[in-house]
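Top line first, the protein sequences correspond to chains A and B. Quick note: the first sequence uses this note's numbering, first residue 9, plus one each step. Quick note: the second sequence uses this note's numbering, first residue 497, plus one each step. Glycine included, every Cβ here is placed at the ideal spot set by N, Cα and C. Since the model is a prediction, treat every value here as computed from it, not as a measurement.
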Amino acid sequence: VPAAPPAPLGCDDPESEAAAEVAVNYINDHSHHGYKFALNTIKDIHVVPQGPNNYIIFLELDLLETKCPILSPTPLANCTVRSFAEHAVEGDCDVKLKKLDGTVSVVASKCHSHADSSEDIRQICPDCPLLASLNNTEVLEAVSAALNDFNSKTTGPYLRLLEIGRGQIQYHPAHIVAVEFAVGATNCSAEEAKVNVGACQLLPEDQSNFGFCTGTMVKRPSQDLNVDCQLYGHQVSTQDIVLLSSQDTS
Amino acid sequence: PVRKRAVAEAAQHDKVPHPVGFVPPPPPCPGKIRYFDI
Numbered sequence: 009v010p011a012a013p014p015a016p017l018g019c020d021d022p023e024s025e026a027a028a029e030v031a032v033n034y035i036n037d038h039s040h041h042g043y044k045f046a047l048n049t050i051k052d053i054h055v056v057p058q059g060p061n062n063y064i065i066f067l068e069l070d071l072l073e074t075k076c077p078i079l080s081p082t083p084l085a086n087c088t089v090r091s092f093a094e095h096a097v098e099g100d101c102d103v104k105l106k107k108l109d110g111t112v113s114v115v116a117s118k119c120h121s122h123a124d125s126s127e128d129i130r131q132i133c134p135d136c137p138l139l140a141s142l143n144n145t146e147v148l149e150a151v152s153a154a155l156n157d158f159n160s161k162t163t164g165p166y167l168r169l170l171e172i173g174r175g176q177i178q179y180h181p182a183h184i185v186a187v188e189f190a191v192g193a194t195n196c197s198a199e200e201a202k203v204n205v206g207a208c209q210l211l212p213e214d215q216s217n218f219g220f221c222t223g224t225m226v227k228r229p230s231q232d233l234n235v236d237c238q239l240y241g242h243q244v245s246t247q248d249i250v251l252l253s254s255q256d257t258s
Numbered sequence: 497p498v499r500k501r502a503v504a505e506a507a508q509h510d511k512v513p514h515p516v517g518f519v520p521p522p523p524p525c526p527g528k529i530r531y532f533d534i
C-alpha cells in the first residue's frame, strides 16, 4: 500500500519554520548587494513526496530588509529590521528546497524587493523621510561629500565607494539628505591618496577590507555634514564631523 | 441523472453540525507576521 501522503504542513509548523530559516540564510549568503533580509511571514508551503524520505518543498516567503549591509559580519539574529517609519523594504521570495533523509537544502530561489509605497508612509508619518532613487542627484552629492569628508580626516586607509545602499530625503522641518553606502579600503593612506588617488587600488576582497558609512547632509536651515564609517575588520570611526563642524558649517 | 441541486441538498442534510463553541482551527497559511505587514 503506497505510503500515505504527509499531512499538509501549516505555515507556522516547526518544520516549515526550519525550512524557511534554511531558505533565508541561503538568500542572504547568495546576495551581494544591499542589506540582509529577515523572515516576516511564511505565506505558503507545499510539500511534494519524491520517494522514501525524499521531498521537494515549495516555499513562498515575505521578507523585510534589515539595517545590516549584506557584507556585514553581524549575525542576522542581531540585525534590526527597518521600521515602517524608516520606509521599509519588502522582499517576496519563491524558494524550492529538497528534504532528503531529514536534511533540507535549497534547490533554487527567486526574489524581488520593493519599498513600501510613499503614500502609506505619508498617511502614518507626514514628515518622515522617504526613500529616494539611488541615482538621485542629492543622494549622489551627499555620498560624495560624506566620503570626501571622511577621507580628508581619517587616519586609516583611503576608502573607495563600493555601492550606495540607501538614500532618504526629508524636506520638513529641515531639508536633510541621509545616505548609507558600502566602502572598500585601498592600499593607500589618505595622505598618499591626496598625491595620486589613481594609484589607490581596493585591497583583496577580504571582509576586513569592507566597511559601511552613514552620512547626513543638512541643506536647510543651515548647512552641516555628519559622516561615520566603520571597517568590518576594525572600528575606524571618525570624530563626529559636527564636533569639527566649524570647518564645515556655513 | 442526479441533479446538482439534489446533491447539494443531500450534502446539506448530511452535514454534521459543529458542537456549540467549536472554533475552527486557523487556516494553515499564510503564517504569522513576525514584524509588520506592508
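Check	Outcome
Ignore the nearest five residues each way along the sequence and tell me which others in Ser117/A's own chain have a CB closer than 8 Å to its CB.	Ala31, Tyr34, Ile35, His38, Cys101, Asp102, Val103, Lys104
Helix, strand or coil for Ser121/A? Go by DSSP, reduced to three states.	strand
With DSSP as the reference, label Ala26/A as helix, strand or coil.	helix
So, helix, strand or coil for Phe518/B, using DSSP?	coil
Does Lys211/A come out as helix, strand or coil in the three-state DSSP assignment?	As written in the sequence, residue 211/A is Leu, which differs from the Lys given in the question. In the structure shown, Leu211/A sits in coil (DSSP, three-state: anything other than H, G, I, E or B).
Which residue comes first and which comes last in the alpha helix (DSSP H) that contains Asp157/A?	145–161
Apart from the five residues on each side of it in sequence, which residues of its chain come closer than 6 Å, Cβ to Cβ, to Ala198/A?	Asn159, Thr162, Tyr166
From what residue to what residue does the alpha helix (DSSP H) around Asp128/A run?	126–132
Give the residues of chain B in contact with Ile50/A, contact being defined as C-beta atoms less than 9 Å apart.	Cys525, Pro526, Gly527, Lys528
Measuring CB to CB, does Leu169/A end up less than 8 Å from Thr194/A?	no
Just confirm the distance between the C-beta atoms of Glu98/A and Ile534/B, as a whole number of angstroms; I'd bet it's less than 8 Å.	5 Å
Does chain A have any CB closer than 8 Å to the CB of Phe518/B?	no
Determine the extent of the alpha helix (DSSP H) in which Glu94/A is found, giving its start and end residues.	Where Glu94/A is concerned, there is no enclosing alpha helix (DSSP H), given that its DSSP letter is neither H nor E.
Below 8 Å on the Cβ atoms is my guess for Cys119/A versus Pro526/B; work out the distance and round it to an integer in Å.	Rounded, the Cβ-Cβ distance is 17 Å, inconsistent with contact.
Keeping to the same chain, check which residues put their C-beta closer than 8 Å to that of Asp135/A; ignore five residues upstream and five downstream.	Gln178, His180, Pro181
Between Ala15/A, Leu67/A, Leu71/A, Arg90/A, which has its C-alpha nearest Arg174/A's C-alpha?	Arg90/A
Which same chain residues, not among the five before or five after Glu68/A, have their C-beta less than 7 Å away from its C-beta?	Lys51, Asp52, Asp102
According to DSSP, is Asp232/A part of a helix, a strand, or is it coil?	strand
Comparing alpha-carbon positions, which option in Phe66/A, Val203/A, Leu142/A, Gly241/A lies nearest Gly7/A?	This structure gives no information on residue 7/A, because the portion of chain A shown stretches from 9 to 258.
Check whether the Cβ atoms of Ala186/A and Pro137/A lie closer than 8 Å to each other.	yes
Among Val114/A, Arg228/A, Thr224/A, which one has its Cα closest to the Cα of Val151/A?	Thr224/A
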